[in-house]
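Just below is one structure, and these are the notes that go with it.
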Amino acid sequence: MDHTLPFKNGLETAIEIIRIHNESKIIFARASDDIKDISLRIGAVKFLNKPFKIRKLIETINHVIKN
245 MDHTLPFKNG LETAIEIIRI HNESKIIFAR ASDDIKDISL RIGAVKFLNK PFKIRKLIET
305 INHVIKN
């Protein structure tokens, strides 16, 4: 999930998703790591710094699915 969204920011959206379904697995992606700590505290399982290679995204998704 990106932090910059049209109507809400990613943190607000993640909180809402987790509140509705607390087993959701959210991976944040952002060009800077300014929200990394808070995104992980609210329940994101991983944080990727942009830009990243598609291979890194696939590896991260596979890791999250397996754990």
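For this note's numbering, count along the sequence shown from 1 and bump the result up by 244. Every residue, glycine too, gets a C-beta built ideally from N, C-alpha and C.
Exercise for review: Can you check DSSP and say which residues form a bridge with I271?
Suggested key: Here the question's residue 271 lines up with position 27 in the sequence shown. According to DSSP, I271 bridges with K290.
Practice item. Could you pull out every residue in the same chain whose Cβ sits closer than 8 Å to the Cβ of F296, ignoring the five residues on either side in sequence? Key: Translated into positions along the sequence shown, residue 296 becomes position 52. Within the same chain, and ignoring the five residues on either side of F296 in sequence, the residues whose Cβ sits closer than 8 Å to its Cβ are A273.
**Study point:** Pairwise C-alpha distance: I309 and R263
**Key:** Locating residue 263 in the sequence shown gives position 19, where the first residue counts as 1. Locating residue 309 in the sequence shown gives position 65, where the first residue counts as 1. C-alpha of R263 to C-alpha of I309: approximately 20 Å in a straight line.
Point to revise | Span separating the alpha-carbon of N311 from that of P250 | key: Within the sequence shown, numbered from 1, the residue matching residue 311 stands at position 67. Within the sequence shown, numbered from 1, the residue matching residue 250 stands at position 6. If you take the alpha carbons of N311 and P250, they lie about 31 Å apart.
Review point. Does DSSP classify I279 as helix, strand or coil?
Key: One-based indexing of the sequence shown puts residue 279 at position 35. Three-state result, I279: coil.
Point to revise | Rounded straight-line distance, which links the Cα of T248 to that of G287 | key: Locating residue 287 in the sequence shown gives position 43, counting from the first residue. Locating residue 248 in the sequence shown gives position 4, counting from the first residue. If you take the alpha carbons of G287 and T248, they lie about 18 Å apart.
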